[in-house]
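Q:
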Amino acid sequence: MKPLRPKTVVVVSGLALVGPAALLASPAVSQVGGTLPAFVQLQPSFPGTTQTGSSSVSGVSSARQVMGSDDGVSPRLSVEGRTTTIGYGRPTIGVTQGNGWAYLMGSDETTFGHSLIWNAGAPMRFGAETALGLSGYQEYMRFAPNGNVGIGTQNPVNPLSVQGNADFVRGRVALFPNSEMGNLSVFDQNLRQLAYITGNAGEPGSGVVGVPAPGTGQARGAFLWRASEQRAAIFADVKNFVEPSRSDATKDYWYASLEGPEAAMYTRGRARLVGGKAVVTLPPHFVEMMAEGSDTVLLTPRGDSARGLWAGEIEGGRFVVREVGGGSRSYRFDWEVKAVRRGFEDYKVERPWTDRPANTPDRQRLWNERVQMLRSRGIEPQRSLP
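Adding 816 to a residue's 1-based position in the sequence shown gives its number in the working numbering.
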């Protein structure tokens, strides 16, 4: 049997716990405002029987039983059963007064339920103790006073902040900041947004993987799906392909895409004029994808004896090339054909500013950011938010 604490006396009455026996204990029982020489009476139950009656406290308010106080003011544990305040009308275990209070509250009220409540001025911490003292305490998670939850961090700046890696197995991450679109963002250590996956504001059913300009909501580059057009698109300030240098391993070559005001494609090749005439056959895949009547044919003679060349209409995937003036010379020439892609004949160059994808539906914020961007390029907007 463990040694009893100082100032503690145990008195047992009743023989062999037969009949209405009682266990009387006089621990350090106190009440806020002073220490009282109280007794706690506990009625034991016998194996196979149902206990009736209740425990009683002498010298302490039945509404709040406080135990473990050293100074009579700062209790270590209290057991309460309040009935005067809504939400506190069921048993409560803990310390509900003082600077460091925390307690468990049970309730059958649907509004409050069962709760773990702590002082709003201090965090609730969860961790492990490997040795006695603060130096042996390792914190793993905390609830900040404002309700934010931190895992691996002592300064959660969002409703959920995780410092370190996180694995999601057979699940999903879904954040819904508004009724129109979800948003999953990546930030740097200074909380600047680097990239996001979201719905396209103002266009339900559309999705965007975007990279915003620093401090803005509109994307400077993005891969997007436009539900209204049932098409995917990609855009950026410039589109490139990159190849490593074959002569210098420390360098890469960045080529920029050729751009224009239409969704076009091209094919090219080299042929030979024989007796002033040649027939060029286009690749079948090019003919299949080109919009009929949208082609442009370019010819470049090879040789200083050429008088000039002209091309006929493309028919059946072929076109005829002849020498100007009915010439009959023979020489090589290069050809190139450009055409609009089938299905993209109505490609729109001029579009509303709101067509650029964004990670927020706040039009006023986006417009203010756009004005700042235009002014940084020496352009003064002519009107306010449309």
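Glycine is no exception: its CB is placed at the ideal position from the N, C-alpha and C atoms. Model, not experiment: these values are computed from the prediction.
1. Since Glu1161 and Ala1072 are thought to touch, with beta carbons under 8 Å apart, how far apart are those beta carbons, to the nearest angstrom?
2. Starting from the N-terminal side, write out each stretch of the beta strand (DSSP E) that is 3 residues or longer and does not extend beyond the region 1076-1149.
3. Give the DSSP bridge partners of Val1058, in chain order.
4. Just the C-alpha distance for Pro1173 and Gln1034, rounded to the nearest angstrom, thanks.
5. Taking DSSP as the reference, what is the three-state secondary structure of Thr1170?
6. Mark Glu1185 as exposed unless 16 or more other C-beta atoms lie within 10 angstroms of its C-beta, in which case mark it buried.
7. Specify, as a first and last residue, the run of the beta strand (DSSP E) that Asn1205 falls within.
8. Can you tell me whether Thr1089 is buried or exposed? The criterion is at least 16 other CB atoms within 10 Å of its CB, across all chains shown.
9. Report the three-state DSSP secondary structure of Val973 (helix, strand or coil).
10. Answer with buried or exposed for Trp1126, where buried requires no fewer than 16 other C-beta atoms within 10 angstroms of its C-beta.
11. Could you name the residues of the same chain whose beta carbon sits closer than 6 Å to that of Glu1104, not counting the 5 residues immediately before and after it, in chain order?
12. Name the DSSP beta bridge partners of Thr1014, please?
13. Could you spell out the range, first to last residue, of the beta strand (DSSP E) harbouring Leu1040?
14. Give a yes or no on whether the C-beta atoms belonging to Glu1019 and Arg1036 are separated by under 9 Å.
15. Rank Gly963, Phe942 and Val965 by C-alpha distance to the C-alpha of Gln954 and give the top, closest one.
16. Determine the burial state of Leu1098: buried for a count of at least 16 other Cβ atoms within 10 Å of its Cβ, exposed for fewer.
17. Who are the near neighbours of Pro961 in its chain, counting only those whose CB is closer than 7 Å to its CB and skipping five residues on each side?
18. Are the CB atoms of Phe1039 and Ala1049 within a distance shorter than 9 Å?
19. Name the DSSP beta bridge partners of Gly943, please?
20. Who pairs with Arg1153 in a beta bridge, going by DSSP?
21. Taking 7 Å as the limit between beta carbons, can you name the residues of its chain near Asn974, skipping five residues before and five after?
22. Quick check on DSSP: helix, strand or coil for Val978?
23. How many angstroms separate the CA atom of Gly1133 from the CA atom of Lys1154?
24. Can you look up Pro836 in the DSSP assignment and give me helix, strand or coil?
25. Glu1078 and Tyr1163: beta carbons closer than 9 Å?
26. Look at Ser1001 and Ser1022 and say whether their C-beta atoms are less than 9 Å apart.
27. For Leu1201, which three-state DSSP category applies?
28. Determine the direct distance from the alpha carbon of Met1189 to that of Ile1195, and round the result to whole angstroms.
29. The beta strand (DSSP E) with Arg1047 in it runs from where to where?
30. Which same chain residues, not among the five before or five after Phe1051, have their C-beta less than 7 Å away from its C-beta?
31. Assign Val1113 to one of two classes, buried (16 or more other C-beta atoms within 10 Å of its C-beta) or exposed (fewer than that).
32. Quick check on this structure: which residue in Gln1005, Tyr956, Val1024 and Asp1004 has the alpha carbon closest to the alpha carbon of Thr1176?
33. Once the 5 residues before and after Met1081 are set aside, which same chain residues still bring their CB inside 6 Å of it?
34. Do you know whose CA, among Gly1026, Thr1032 and Gly1124, lies nearest Gly1142's CA?
35. Can you have a look at Trp1151 and say buried or exposed, based on whether 16 or more other CB atoms are within 10 angstroms of its CB?
A: If we stick to the structure as given:
1. For the purposes of this step, residue 1161 is taken as the residue at position 345 of the sequence shown. For the purposes of this step, residue 1072 is taken as the residue at position 256 of the sequence shown. In fact, because the Cβ distance is near 26 Å, the residues do not count as touching under 8 Å.
2. 1080-1089, 1093-1097, 1112-1117, 1125-1127 and 1134-1139
3. Looking up residue 1058 in the sequence shown gives position 242. Looking at the DSSP assignment, Val1058 forms a beta bridge with Trp1070.
4. Residue 1173 sits at position 357 when you count from the first residue of the sequence shown. Residue 1034 sits at position 218 when you count from the first residue of the sequence shown. Cα to Cα, Pro1173 sits roughly 6 Å from Gln1034.
5. Along the sequence shown, one-based indexing puts residue 1170 at 354. DSSP places Thr1170 in helix when its eight states are reduced to three.
6. Here residue 1185 corresponds to residue number 369 of the sequence shown, with the count starting at 1. Buried.
7. Residue 1205 is absent from the structure shown; the chain starts at 817 and stops at 1202.
8. For the purposes of this step, residue 1089 is taken as residue 273 along the sequence shown, with counting starting at 1. The amino acid at residue 1089 is misidentified as Thr; the sequence shows Leu. When all chains shown are included, Leu1089 counts as buried.
9. Position 157 of the sequence shown, counted from the first residue, corresponds to residue 973. Val973: coil per DSSP, three-state reduction.
10. Counted from its first residue, the sequence shown places residue 1126 at position 310. So Trp1126 counts as exposed.
11. Here residue 1104 refers to the residue found at position 288 when the sequence shown is read from its first residue. Contacts found: none.
12. Counting from one through the sequence shown, the residue named residue 1014 turns up at place 198. Answer by DSSP bridge pairing, in chain order: Asn999 and Val1024.
13. As a position in the sequence shown, residue 1040 is number 224, starting the count at 1. Start and end: Ala1035 to Arg1042.
14. Along the sequence shown, read from residue 1 onward, the residue named residue 1019 stands at position 203. Along the sequence shown, read from residue 1 onward, the residue named residue 1036 stands at position 220. For Glu1019 and Arg1036, no; Cβs fall outside 9 Å.
15. Locating residue 954 in the sequence shown gives position 138, where the first residue counts as 1. Comparing Cα positions, the closest option is Phe942.
16. Translated into positions along the sequence shown, residue 1098 becomes position 282. By the 10 Å Cβ count, Leu1098 comes out buried.
17. As a working note, residue 961 is residue 145 in the sequence shown. Counting only Cβ-Cβ distances below 7 Å, and skipping sequence neighbours, we find Ala936, Gly937, Ala938 and Pro939.
18. Numbered from its first residue, the sequence shown carries residue 1049 at position 233. Numbered from its first residue, the sequence shown carries residue 1039 at position 223. Cβ distance < 9 Å, so Ala1049 and Phe1039 count as in contact.
19. Position 127 of the sequence shown holds residue 943. In the DSSP output, where bridge partners are listed per residue, Gly943 has Glu955.
20. Position 337 of the sequence shown, counting from 1, holds the residue named residue 1153. Note that residue 1153 is Val in the sequence shown here, rather than Arg. Paired residues: Thr1083 and Val1113.
21. Position 158 of the sequence shown, counted from the first residue, corresponds to residue 974. Result list for Asn974: Asn964, in chain order.
22. Looking up residue 978 in the sequence shown gives position 162. Val978: strand per DSSP, three-state reduction.
23. To locate residue 1133, count along the sequence shown from 1; it is residue 317. To locate residue 1154, count along the sequence shown from 1; it is residue 338. Looking at the two C-alpha atoms, the distance is approximately 13 Å.
24. Here residue 836 refers to the residue found at position 20 of the sequence shown. Because Pro836 carries a pLDDT of 41, less than 50, the predicted location of this residue cannot be relied on, and the following value inherits that uncertainty. Three-state DSSP puts Pro836 in coil, outside helix and strand.
25. Position 262 of the sequence shown, counted from the start, is the residue given in the question as residue 1078. Position 347 of the sequence shown, counted from the start, is the residue given in the question as residue 1163. It is a contact, given that the beta carbons lie within the stated cut-off.
26. Counting from one through the sequence shown, the residue named residue 1001 turns up at place 185. Counting from one through the sequence shown, the residue named residue 1022 turns up at place 206. No, they are not a contact pair.
27. Here residue 1201 corresponds to residue number 385 of the sequence shown, with the count starting at 1. Coil.
28. As a first step, residue 1195 is located in the sequence shown; it is residue number 379 there, counting from the start. As a first step, residue 1189 is located in the sequence shown; it is residue number 373 there, counting from the start. If I take the Cα positions, the gap works out to 9 Å.
29. In the sequence shown, counting from the first residue as 1, residue 1047 sits at position 231. Looking at the DSSP string, the run of the beta strand (DSSP E) that includes Arg1047 is Arg1047 to Phe1051.
30. As a first step, residue 1051 must be located in the sequence shown, where it is residue number 235. Here the set comprises Gly1037 and Ala1038.
31. What you label residue 1113 is simply residue 297 of the sequence shown in a count that begins at 1. Buried.
32. Numbered from 1 along the sequence shown, position 360 holds the residue referred to as residue 1176. Cα-wise, what sits closest to Thr1176 is Val1024.
33. Against the sequence shown, residue 1081 aligns to sequence position 265. Only Arg1157 meet the Cβ criterion.
34. Here residue 1142 refers to the residue found at position 326 when the sequence shown is read from its first residue. Looking at the Cα atoms, Gly1124 is the closest of the given residues.
35. Mapped onto the sequence shown, residue 1151 falls at position 335. Flag for Trp1151 reads buried.
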